[in-house]
Amino acid sequence: MEQPQRLELPPAFEDVDVDILAELIGDMMQRLLAHNDNIPLSPEALTRFHSRSAPSISVLDYLRRIVKFTNVEKTCLLITLHYIDQVCTRIPTFTLSSLTCHRFVITAIALSSKALCDVMCPNTLYAKVGGIPVGELNMLEREFLRMIEWRLTCTREVLQEYYINLVRTHSSSKYFIPDPLSSSGVSSDSDADMDYDMSDSRPSSPSAAGTAVALDIGLGPSTASGASTILIDTSTLSPEPPRPPTMEQNMAFAAFQQQYRGRADGDGG
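Those letters in the sequence shown? Residues 1 to 269, per the UniProt record's numbering, in order.
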């Protein structure tokens with residue numbers, strides 16, 4: 001059987017088509033959600049980013065919608081992955097799942113655009129594109145900034161590493177970079193180095209076990225639980241101490257349980 005033709009992508013993320021970059025990120029996130037959706041939800045894990053049910057739109061189509069209507073910069077798309085690492089390292093109970101991903105993504109892009117771009121859309125547009133009220137987006141922005149301790153930027157080299165590993169780990173393997181230029185010095189995309197292990201170029205993250213990027217997507221060092229962060233140097237971050245669930249979290253968790261019981265009873269009938 002003839003192998004499908006692979007498509008060559010430019011070595012630098014600045015030169016890749018934004019629609020392809022959205023596809024790469026969406027592909028990674030879809031695999032992440034498939035893994036993390038199996039993690040049981042607990043009261044202390046509930047955040048303002050949790051919705052009562054998963055949105056009907058896939059995360060890939062959601063990203064495409066954002067690209068289409070907000071003219072988002074490539075840097076703002078890629079840095080969303082860096083934010084995932086920051087949050088999951090600082091807050092080990094947080095899990096990017098189908099209940100949290102969409103709100104997380106639209107908030108990340110809205111904030112990164114304000115921090116990194118000379119021209120950005122108003123929150124009214126981001127909220128409309130993201131499918132949430134503008135007041136809720138404003139609240140999510142405040143919570144997001146607290147979670148990442150206002151660290152909205154990173155180096156170009158970090159973003160380049162994300163890009164290279166997104167290409168290498170794409171589920172269909174249909175893309176390749178012939179001579180990627182990265183801070184790690186990777187210089188080819190031959191079959192021999194397709195299993196490149198990023199753990200050689202950055203420290204592992206025992207404190208982030210079970211939180212950030214799903215098993216087997218290959219973007220970071222594995223942790224004891226089988227999950228991993230993508231790229232971040234966790235020695236620069238200070239994890240939040242574990243806190244008992246608040247009354248708001250307990251009430252929201254009870255509402256989740258009641259909703260799911262109602263669905264189960266309906267299916268049984």
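Glycine is no exception: its CB is placed at the ideal position from the N, C-alpha and C atoms.
All values derive from a computational prediction rather than experimental measurement.
Helix, strand or coil for residue i per DSSP?
i    : result
F94  : coil
E161 : helix
D118 : coil
P133 : coil
A110 : helix
A127 : helix
N138 : helix
V72  : coil
R151 : coil
Q77  : Here the sequence assigns Leu to residue 77, which means Gln is not the residue at that position. L77 falls in the helix class under three-state DSSP.
A12  : coil
R65  : helix
T100 : coil
T89  : helix
L46  : coil
H35  : helix
I20  : helix
H170 : coil
M41  : Sequence inspection shows Leu at residue 41; the Met mentioned does not correspond to that position. The answer is coil: DSSP assigns L41 none of H, G, I, E or B.
I25  : helix
I57  : coil
R146 : helix
R52  : coil
In whole angstroms, give me the CA-to-CA distance for residue i and residue j.
i    : j    : result
S112 : F104 : 12 Å
V167 : P11  : 10 Å
G5   : P178 : For the sequence presented, residue 5 should be read as Gln rather than Gly. Approximately 14 Å, taken between the alpha carbons.
D19  : R146 : 30 Å
N165 : P40  : 28 Å
L46  : C101 : 13 Å
D85  : L152 : 12 Å
S51  : V87  : 18 Å
R90  : L9   : 34 Å
E23  : L60  : 6 Å
Y83  : S53  : 23 Å
K174 : S58  : 21 Å
Y126 : T93  : 27 Å
T75  : D27  : 17 Å
T107 : F176 : 30 Å
R156 : Y162 : 10 Å
G135 : L7   : 42 Å
P122 : M29  : 26 Å
S172 : K68  : 24 Å
D38  : V129 : The residue asked about is misnamed: residue 38 is Asn in this sequence, not Asp. The straight-line gap from Cα to Cα measures roughly 28 Å.
A110 : S42  : 28 Å
D17  : L99  : 29 Å
What do you get for residue i, buried or exposed, if any count of 16 or more other CB atoms within 10 angstroms of its CB means buried?
i    : result
T70  : buried
N36  : buried
V119 : exposed
P133 : exposed
D15  : exposed
E149 : exposed
R31  : buried
E143 : exposed
S97  : buried
I79  : buried
T124 : exposed
G131 : exposed
Can you name the residues that DSSP bridges to residue i?
i    : result
Y175 : L7
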